[in-house]
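Visitor: Quick note, the sequence shown lines up with residues 1 to 462 if you use UniProt numbering.
Don't be surprised by glycine CBs; every beta carbon is placed ideally from N, CA and C.
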Amino acid sequence: MEQFAAQIWQQQQQQQQKEQQNQQQEQQRTSEQLAAVELNELQQQQQQQQQEQRKTSTVVAVNNNKNKLPAIEATIIDIPLPSAPPSLSCTTTTASAAIALEVKSSSSSPPAVACSSSTSSSSSSSSSYDTDSSTTSSTCCTRHGEHIYMEKAQHTKMQQQQQMQQQQQQQHQHQYACNEDPEACDLKSDHRLHWPLFMLLISIVEVAIFAYDSATVPATATTRQLIANMPIPSDSVFIYRPDRRLQVWRFLSYMFLHANWFHLGFNVVIQLFYGIPLEMMHGSARIAIVYCAGVFAGALGTSVVDSEVYLVGASGGVYAILAAHLANLTLNYRQMRFASVQLLAVLIFVNCDLGYALYTQYLDSQVEKPPPAVWPNYDPPPVSYVAHMTGALAGFTIGLLVLKNFEHRPFENLIWWLALGVYSAFTVFAIVFNLINTMTGQLVEERSEVVAQQLLYDLGVS
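This is the structure we're talking about:
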């Protein structure tokens, strides 16, 4: 603001200097014009005198003419001055300047030219007029500059207020849309995609373990369809066994074993087809949590509902991935381009799998099966639908908890707490049930041995 006022003051000073220069130039021009006019008048007078002297033939006449020469005391000449533009000095605004000339009647010396007091008065009046006009013009310019300065200051204040409001709105929208998650904000602004490392790695490990078991140990769970009448072994360190619940790793390690090639291929294809897009969007860590939570929930649910069932396969994790798609649609439906297509793909697969399960459970049992000579061990291993259902429930609830939310809405806080409560309640209940069931089984076994020994003692056997 100070710079702007200084610029206005400098411009006023420059204008005043220009006006003074123009005044000096005009004064020089008028003085030159006056001198030229005076010379012309003197020349004309001399010519007239010479003509008069020639006409006189005698010296007496000449002397008489000299003595009787009319004394030209003062001659007033009106000299029109050129009009100047209004922006220049104010001295040129007068139409004419009154100049008084005094001419002495002496032949030897040229007449002296003297300006009368009227010129000085006119010049003083003109100078005073110039001073007043310059003062008024400078005052007007100063007031105009102050007005411009005040308008500019108000305009800058309004711009600053608007910028502050825009920044606050952007920050509020940024936090509101990203749910105070820096990684989610970066993903939404930069549209970054993650490498699907977890899905590829877990699929490779499952295929490698299955291939190793089928090549080295023929009596494992992976070779039931290849060798006739070969039961699934129960001595594997990976398989889930209800009588070894205290070996906690079995609640997760059973996902590396599969009953046959069809079981393995089906799980691998489905988890790659549905898991890779989800992992590219949300990252490997979140998808790993969802997948492992589904596997763990499948074992827990089976241990509660079917306490005598052994488990192999990663179907709990696969259904957790499918349910995580539903959680993603619940959180980010408006930010997804092909949300309807993803929902339709998940529903088609779930309906097909459910229809196949119902068919094998109720209709396929009535169909006559070929003898074992045609296809050895034709019956596939039974499917644990409890593991599928509990895995899907865990995938949906954990998905609501850990997946990225790109547009946070107020009611989603209630959904988040509800999902946390449901998953925590089922998990705590299943863990407590397994602990109680294990302790009760051990007590019953010990009590049964004591009762048997007491009975044998009473019979006199021991």
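(1) So, helix, strand or coil for Pro371, using DSSP?
(2) Does the beta-carbon distance from Leu311 to Gly395 come in below 8 Å?
(3) How would you call Asp353, buried or exposed, if buried means at least 16 neighbouring beta carbons within 10 angstroms?
(4) Are the beta-carbon atoms of Ile287 and Gly275 separated by less than 8 Å?
(5) Are the CB atoms of Leu278 and Asn328 nearer to each other than 8 Å?
(6) What distance in whole Å lies between the Cβ atoms of Ser253 and Ala430, which are believed to be in contact at a cut-off of 8 Å?
(7) Am I right that residue 464 and Leu264 are in contact with their C-beta atoms under 8 Å? What's the rounded C-beta distance?
(8) With DSSP as the reference, label Leu300 as helix, strand or coil.
(9) With DSSP run on the structure shown, which of helix, strand or coil describes Tyr333?
(10) Pull up the CB-CB distance for Glu206 and Ala314, whole angstroms please, since I reckon it's below 8 Å.
(11) Kindly give me the distance between the Cβ atoms of Leu401 and Leu420, rounded to whole angstroms, as I take these residues to be in contact under 8 Å.
(12) How far does the alpha helix (DSSP H) with Gly355 in it extend, from its first residue to its last?
(13) Put Leu393 into one of helix, strand or coil per three-state DSSP.
(14) With His282 as the anchor, note down where its alpha helix (DSSP H) starts and where it stops.
(15) Would you kindly work out how many angstroms separate the C-alpha atoms of Val346 and Ile270, rounded to a whole number?
(16) Please confirm whether Gly316 and Val295 have their CB atoms less than 8 Å apart.
(17) Alpha helix (DSSP H) containing Tyr310: first to last residue?
(18) Can you give the Cα-Cα distance for Tyr319 and Gln160, rounded to whole angstroms?
(19) Rounded to a whole number of angstroms, what is the C-alpha to C-alpha distance between Val290 and Met158?
(20) For Ala324, tell me which candidate among Ser214, Ala357, Cys292 has the shortest Cα-Cα distance.
(21) At what residue ranges does the UniProt region "Disordered" (1–58) contain a whole run of the beta strand (DSSP E), taking only runs of 3 or more?
(22) Please check the pair Leu300 and Thr427, which I expect to be a contact at CB under 8 Å, by giving their CB distance rounded to whole angstroms.
(23) Give me the Cβ distance between Val309 and Pro242, rounded to the nearest whole Å; I'm assuming they're in contact under 8 Å.
(24) Can you tell me whether Glu32 is buried or exposed? The criterion is at least 16 other CB atoms within 10 Å of its CB, across all chains shown.
(25) Thinking C-beta only, is Thr440 closer than 8 Å to Leu246?
(26) For Lys18, which residues of its own chain have a beta-carbon under 6 Å away from its beta-carbon, when the five flanking residues on both sides are left out?
(27) By how many angstroms is the C-alpha of Ser214 removed from the C-alpha of Thr360?
(28) In the DSSP assignment, what are the bridge partners of Tyr240?
(29) Between Ser236 and Leu257, which are expected to be in contact by the criterion C-beta below 8 Å, what is the C-beta distance as a whole number of angstroms?
(30) Would you mind working out which of Leu343, Ser307, Asn405, Gly399 sits nearest Gln335, comparing C-alpha positions?
(31) If you draw a straight line from the alpha carbon of Gln46 to that of Gln27, how long is it in whole angstroms?
(32) Measuring alpha carbon to alpha carbon, tell me which of Thr330, Met199, Asp306, Phe262 ends up nearest Glu407.
(33) With distances taken Cα to Cα, identify the nearest neighbour of Ala208 among Val268, Gln163, Arg250, His194.
(34) Between which residues of its own chain and Ala36 is the CB-CB distance below 7 Å, once the five residues before and five after are set aside?
Guide: On the basis of the data shown:
(1) Position 371 of the sequence shown, counted from the first residue, corresponds to residue 371. Any reading at Pro371 needs caution, since the residue's pLDDT is 48, under 50, leaving its predicted position unreliable; the model's value is listed next. Coil at Pro371, not helix or strand.
(2) Here residue 311 refers to the residue found at position 311 of the sequence shown. Here residue 395 refers to the residue found at position 395 of the sequence shown. It is not a contact, given that the beta carbons lie outside the stated cut-off.
(3) Taking the first residue of the sequence shown as position 1, residue 353 is located at position 353. Classification of Asp353: buried, given that the 10 Å Cβ count is 16 or more.
(4) Indexing the sequence shown from 1 puts residue 287 at position 287. Indexing the sequence shown from 1 puts residue 275 at position 275. Taking 8 Å as the Cβ cut-off, Ile287 and Gly275 qualify as a contacting pair.
(5) Along the sequence shown, one-based indexing puts residue 278 at 278. Along the sequence shown, one-based indexing puts residue 328 at 328. Between Leu278 and Asn328, the C-beta gap is smaller than 8 Å, which places the two residues in contact.
(6) Within the sequence shown, numbered from 1, the residue matching residue 430 stands at position 430. Within the sequence shown, numbered from 1, the residue matching residue 253 stands at position 253. With a Cβ gap of about 18 Å, Ala430 and Ser253 do not count as contacting.
(7) With the chain running from 1 to 462 in the structure shown, residue 464 is simply not present.
(8) The residue you call residue 300 lines up with position 300 of the sequence shown. Residue state, collapsed to three classes: helix.
(9) Indexing the sequence shown from 1 puts residue 333 at position 333. Note: Tyr333 maps to coil in three-state DSSP.
(10) In the sequence shown, counting from the first residue as 1, residue 206 sits at position 206. In the sequence shown, counting from the first residue as 1, residue 314 sits at position 314. Indeed, because the Cβ distance is near 6 Å, the residues count as touching under 8 Å.
(11) For the purposes of this step, residue 401 is identified with residue 401 of the sequence shown, where counting begins at 1. For the purposes of this step, residue 420 is identified with residue 420 of the sequence shown, where counting begins at 1. Sure, about 6 Å apart at Cβ, within 8 Å.
(12) Within the sequence shown, numbered from 1, the residue matching residue 355 stands at position 355. First-last of the alpha helix (DSSP H) with Gly355: 339–358.
(13) Here residue 393 refers to the residue found at position 393 of the sequence shown. Helix at Leu393.
(14) As a first step, residue 282 is located in the sequence shown; it is residue number 282 there, counting from the start. Counting along the chain, the alpha helix (DSSP H) containing His282 begins and ends at 261–282.
(15) What you label residue 346 is simply residue 346 of the sequence shown in a count that begins at 1. What you label residue 270 is simply residue 270 of the sequence shown in a count that begins at 1. Each residue's alpha carbon lies about 11 Å from the other.
(16) Translated into positions along the sequence shown, residue 316 becomes position 316. Translated into positions along the sequence shown, residue 295 becomes position 295. Yes; because the gap between Cβ atoms is below 8 Å, this pair is in contact.
(17) Numbered from its first residue, the sequence shown carries residue 310 at position 310. No alpha helix (DSSP H) holds Tyr310; DSSP gives it neither H nor E.
(18) What you label residue 319 is simply residue 319 of the sequence shown in a count that begins at 1. What you label residue 160 is simply residue 160 of the sequence shown in a count that begins at 1. About 54 Å.
(19) Taking the first residue of the sequence shown as 1, we reach residue 290 at position 290. Taking the first residue of the sequence shown as 1, we reach residue 158 at position 158. Those two C-alpha atoms are separated by around 51 Å.
(20) To locate residue 324, count along the sequence shown from 1; it is residue 324. Between Ala324 and the set Ser214, Ala357, Cys292, the nearest pair of CA atoms involves Cys292.
(21) Those beta strand (DSSP E) runs which fall completely within the UniProt region "Disordered" (1–58) and span 3+ residues do not exist here.
(22) Counting from one through the sequence shown, the residue named residue 300 turns up at place 300. Counting from one through the sequence shown, the residue named residue 427 turns up at place 427. Thr427 and Leu300 do touch by the CB rule: their CB atoms are close to 7 Å apart, below 8 Å.
(23) Sequence index remark: in the sequence shown, residue 309 carries index 309 (1-based). Sequence index remark: in the sequence shown, residue 242 carries index 242 (1-based). Val309 to Pro242, Cβ: 7 Å. Contact.
(24) Along the sequence shown, one-based indexing puts residue 32 at 32. Under this definition Glu32 is an exposed residue.
(25) For the purposes of this step, residue 246 is taken as the residue at position 246 of the sequence shown. For the purposes of this step, residue 440 is taken as the residue at position 440 of the sequence shown. Taking 8 Å as the Cβ cut-off, Leu246 and Thr440 do not qualify as a contacting pair.
(26) For the purposes of this step, residue 18 is taken as the residue at position 18 of the sequence shown. So no residue of the chain qualifies.
(27) Residue 360 sits at position 360 when you count from the first residue of the sequence shown. Residue 214 sits at position 214 when you count from the first residue of the sequence shown. Each residue's CA atom was taken as its position, placing Thr360 and Ser214 some 27 Å apart.
(28) Position 240 of the sequence shown, counted from the first residue, corresponds to residue 240. Leu311.
(29) Taking the first residue of the sequence shown as 1, we reach residue 236 at position 236. Taking the first residue of the sequence shown as 1, we reach residue 257 at position 257. Rounded, the Cβ-Cβ distance is 7 Å, consistent with contact.
(30) Taking the sequence shown and counting its residues from 1, the one referred to as residue 335 is at position 335. Nearest C-alpha to Gln335: Asn405.
(31) Counted from its first residue, the sequence shown places residue 46 at position 46. Counted from its first residue, the sequence shown places residue 27 at position 27. Those two C-alpha atoms are separated by around 29 Å.
(32) What you label residue 407 is simply residue 407 of the sequence shown in a count that begins at 1. Nearest C-alpha to Glu407: Thr330.
(33) If you number the sequence shown from 1, residue 208 lands on position 208. When each option's Cα is compared against that of Ala208, the closest is Val268.
(34) Mapped onto the sequence shown, residue 36 falls at position 36. For Ala36, where only same-chain residues beyond five positions count, there are no Cβ hits under 7 Å.
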